[in-house]
Structure formats: structure tokens, C-alpha cells
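Chemist: This is the structure I want to talk about, given as C-alpha cells.
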Amino acid sequence: MPITIKTLIDTFPGQASQAAVWRPRSRWQRARLAVAPLLGRPGFLLALAIVAFALLAALAPGLLSHADPYATAPLAKLTSPGAAHWFGTDELGRDLYSRVVYGSRLSVSASLLAVGIALIGGLGLGIVAGFAGGRLDTLLMRLIDVMLALPGLLLALAIVTAIGFGTLPVAIAVGVGIIPGFARTTRAEVLRIKNLPYVEAARLGGASWTRTLLRHVLPNAWGPVAVLATLDFGAAILATAGLSFLGFGAAPPAAEWGTLIANGRSFLMTAPWVPLLPGLFLVAVVFSVNHIARTLEETPR
Numbered sequence: 014m015p016i017t018i019k020t021l022i023d024t025f026p027g028q029a030s031q032a033a034v035w036r037p038r039s040r041w042q043r044a045r046l047a048v049a050p051l052l053g054r055p056g057f058l059l060a061l062a063i064v065a066f067a068l069l070a071a072l073a074p075g076l077l078s079h080a081d082p083y084a085t086a087p088l089a090k091l092t093s094p095g096a097a098h099w100f101g102t103d104e105l106g107r108d109l110y111s112r113v114v115y116g117s118r119l120s121v122s123a124s125l126l127a128v129g130i131a132l133i134g135g136l137g138l139g140i141v142a143g144f145a146g147g148r149l150d151t152l153l154m155r156l157i158d159v160m161l162a163l164p165g166l167l168l169a170l171a172i173v174t175a176i177g178f179g180t181l182p183v184a185i186a187v188g189v190g191i192i193p194g195f196a197r198t199t200r201a202e203v204l205r206i207k208n209l210p211y212v213e214a215a216r217l218g219g220a221s222w223t224r225t226l227l228r229h230v231l232p233n234a235w236g237p238v239a240v241l242a243t244l245d246f247g248a249a250i251l252a253t254a255g256l257s258f259l260g261f262g263a264a265p266p267a268a269e270w271g272t273l274i275a276n277g278r279s280f281l282m283t284a285p286w287v288p289l290l291p292g293l294f295l296v297a298v299v300f301s302v303n304h305i306a307r308t309l310e311e312t313p314r
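In the working numbering, the protein residues as written are 14 to 314.
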């Protein structure tokens, strides 16, 4: 009697069902399976919407606000929030909502640049330390320990004082300050992965260290680094806003979140919406970024 697929299924039902469960899926199907649990979390969706709003405001602020953020109206100064001005107006009659929206460009771009600098520098140091080992690893880690011993804001203040004021110097200073976290995380992942059997098999098969690094080590070490980058994006927003609040950021009348809060602190008693609403928006964006990072960290990959 010829052996058919039906005969095999009837003979080995357990093995057949197990094979059906473990059949390979495409990348698109795996991505859908990974994203599906996240779509059922209202908190995650709300955080994603807030971050998407901030990113859209940074890319195309004109889509979210049609008012000129620099147009003054002395007769409408310190107007409370309402239908005409959602966030009210400041001491010069400028629309505060428009200034918050247009301020996203400087604040978000500075934070992204800071995370990019930290990501490139931290990945480079972590990969070199993890692969080289020995004295070079010890030397690089001692340097990272020294940087970690210094408070991040103090280190950023020292750097921005040395290279000058402005959005770009603030981004560079914040980025250098968060390099140690990326370096340590990358080094730990490289040390964990480079001794795994499939990496050793690739090396025994004749693959170079560069090929092994690009095809086997970095793709498997990227998960924790990506989560850390998301977390540090929120920290970078806070740090850049803090430096701008202290006067190291963009010069007035540029709209920047930290500068808006600093300018409005004089009206905390008479017009509390001037400093509070930009501050609450900043806090909402940072909390949303942190919530997204924590959710991705808890989600099994």
C-alpha cells in the first residue's frame, strides 16, 4: 500500500500536530504576532499616540498648528487657555500651544542627536571591549567607570561650558554623558553572545570576526541596546530641557521646551499656565517614552 500524507498523520498524530505548530513563519507574521499583544494595552497605545504627536510636531509642526509662534499680540498677553488659544498666551501675547508644537523640533532633534551620538560611541566602545578583552577591555571599562562616577548633568554642564551654548552643543554634551550606559550594555551582550555555540561554529567554519560580528553578534545583541536607546531618549529630553532651562540652549526668541518653562516661571502665580502647560507636555512625552521602553522590555522576543 502506498504511503500517503494521510497515512502518516493517522499513524503519528502527535508528531504531525507538533510539526504543524512549529511550522516556520515569515518575518511579517512574526512581527504581527509580536505586536498583537501590545495593541490590547490602552496605556501603551496612549503613550504611543503622545510620542507620535511629538515626533509629528518635530517633523511638520505646521500640520498641528497654523498660528505663528513668534507673532506678538500685546493686547492678548497672558490670556488664559480657551478655544482661541488652547494653552493660553505668554507675556508677549504669543500663542503658547504653537510655541510648544514648534519647540518640539529643537527639543526632539537635540534629543535624537544626543541618543545617536551615545549609540554610536557606546556601541563602538562596547564592541571593542567585548571582542578584544584583556588590557584594552580593562582600560576602556575603567574609563567608563570614571564617566559613570560623574553625575550626568554635571558632566554635560562641563562639556557645554567648554564647547559653547546652543542646541547643538547641548545635544553633544548630553550624548557624551549617556555613552557609558550604552558601552556597558553592549559589552555585556557581546561577552554573552560571542561564546555561544553557533558563534563558535561560525568561527570554525571559516567566518571572519567581522562577518561573525555583523551576522551573528550584533543582530542578537540589538534588543537590550534598542530598549536602552528608547529609555535614554526620554532621559535626553529631560537633560536637554534642563540645560535649556538653565540658559545653555537656544537663545530667545527660539521656542524650546526648557526655554518656555524658564521664561514662564516668573508668572507662576499670576499666569500659571505659562510654565505649567509646557512642563506637563514635556512630562507626558517623557513618561510615554519610558512606558513604551518598559513595555518592550517586558514583552518576550
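Just so it is clear, CB atoms sit at the ideal spot from N, CA and C, and this is done for glycine as well.
Just so it is clear, the structure is predicted and the values come from calculations on it, not from any experiment.
Ignore the nearest five residues each way along the sequence and tell me which others in Asp245's own chain have a CB closer than 7 Å to its CB.
Modeler: Val128, Ala131, Ile191, Gly194
Chemist: Looking at the strands, I want to know which residues DSSP matches up with Thr102.
Modeler: Asp108
Chemist: What first and last residue would you give for the alpha helix (DSSP H) that runs through His304?
Modeler: 286-311
Chemist: On the criterion of 16 or more Cβ atoms from any shown chain inside 10 Å, does Ala264 qualify as buried, or is it exposed?
Modeler: Counting Cβ neighbours within 10 Å, Ala264 comes out exposed, since fewer than 16 surround it.
Chemist: Taking the CB atoms as reference points, tell me whether Gly277 and Ala254 lie closer together than 8 Å.
Modeler: no
Chemist: Rank Thr198, Pro291, Phe144, Leu204 by C-alpha distance to the C-alpha of Val9 and give the top, closest one.
Modeler: Outside the shown range of the chain, which is 14 to 314, sits residue 9, and nothing can be said about it.
Chemist: Pick out whichever of Ser117, Leu153, Ser122 has its Cα sitting closest to the Cα of Gly134.
Modeler: Leu153
Chemist: If you draw a straight line from the alpha carbon of Lys207 to that of Ala242, how long is it in whole angstroms?
Modeler: 22 Å
Chemist: Among residues of its own chain, excluding the 5 on either side of Val298, which ones have a beta-carbon nearer than 8 Å to its beta-carbon?
Modeler: Ile63, Val64, Ala67, Gly247, Ile250
Chemist: Enumerate in chain order the residues of its own chain whose CB-to-CB distance from Asn303 is below 7 Å, with the five nearest sequence positions on each side excluded.
Modeler: For Asn303, where only same-chain residues beyond five positions count, the Cβ hits under 7 Å are Leu244, Gly247.
Chemist: Please report how far the alpha carbon of Pro94 lies from the alpha carbon of Trp286, in whole angstroms.
Modeler: 8 Å
Chemist: Among Gly53, Ala70, Leu126, which one has its Cα closest to the Cα of Val114?
Modeler: Ranking Gly53, Ala70, Leu126 by Cα distance to Val114 puts Ala70 first.
Chemist: Tell me, please, whether the region 159-172 touches the region 96-116 by the rule of three or more beta-carbon pairs shorter than 8 Å.
Modeler: no
Chemist: Within 10 angstroms of the Cβ of Arg269, are there 16 or more other Cβ atoms? Answer buried if so, exposed if not.
Modeler: Reading off the sequence shown, one finds Glu at residue 269, where the question assumed Arg. Classified as buried, Glu269 has 16 or more neighbouring CB atoms from the shown chains inside 10 Å of its CB.
Chemist: Could you have a look at Met282 and say whether DSSP puts it in helix, strand or coil?
Modeler: coil
Chemist: Could you spell out where the alpha helix (DSSP H) holding Arg200 opens and where it closes?
Modeler: Annotation for Arg200: the continuous alpha helix (DSSP H) segment containing it runs 192-206.
Chemist: Can you tell me whether Pro74 is helix, strand or coil according to DSSP?
Modeler: Pro74 falls in the helix class under three-state DSSP.
Chemist: What are the boundary residues of the alpha helix (DSSP H) that Val240 is part of?
Modeler: 231-258 is the span of the alpha helix (DSSP H), which, as asked, contains Val240.
Chemist: Of the choices Glu202, Ala196, Thr225, whose alpha-carbon is the least far from that of Tyr211?
Modeler: Thr225
Chemist: Alpha carbons only, please: which of Gly218, Ser78, Gly262, Leu91 is nearest the one belonging to Met282?
Modeler: Leu91
Chemist: Considering Asp150, what are the terminal residues of the alpha helix (DSSP H) in which it resides?
Modeler: Note, Asp150: alpha helix (DSSP H), 147-162.
Chemist: What did DSSP end up calling Gly27 once you bin it into helix, strand or coil?
Modeler: Unreliable placement is indicated for Gly27, whose pLDDT of 49 sits below 50; the coordinate value is still reported in the next sentence. Here Gly27 sits in helix by DSSP.
Chemist: Less than 8 Å between C-beta atoms, sequence neighbours within five positions excluded: which residues of the same chain meet that for Gly188?
Modeler: Taking Gly188 as the centre and dropping the five residues before and after it, the same chain places the C-beta of Leu126, Ala127, Val128, Gly129, Ile130, Ala131, Gly134, Ala249 closer than 8 Å to its C-beta, in chain order.
Chemist: Where does Phe57 fall in DSSP's three states?
Modeler: helix
Chemist: In the DSSP assignment, find the alpha helix (DSSP H) that holds Leu168 and state where it starts and stops.
Modeler: Boundaries of the alpha helix (DSSP H) harbouring Leu168: 165-176, taken from the DSSP string.
Chemist: Would you mind stating whether Phe261 and Phe144 have Cβ atoms separated by less than 8 Å?
Modeler: no
Chemist: For Ile140, tell me which candidate among Ala284, Leu227, Ile305 has the shortest Cα-Cα distance.
Modeler: Taking each of Ala284, Leu227, Ile305 in turn and checking the Cα distance to Ile140, the smallest one comes out for Leu227.
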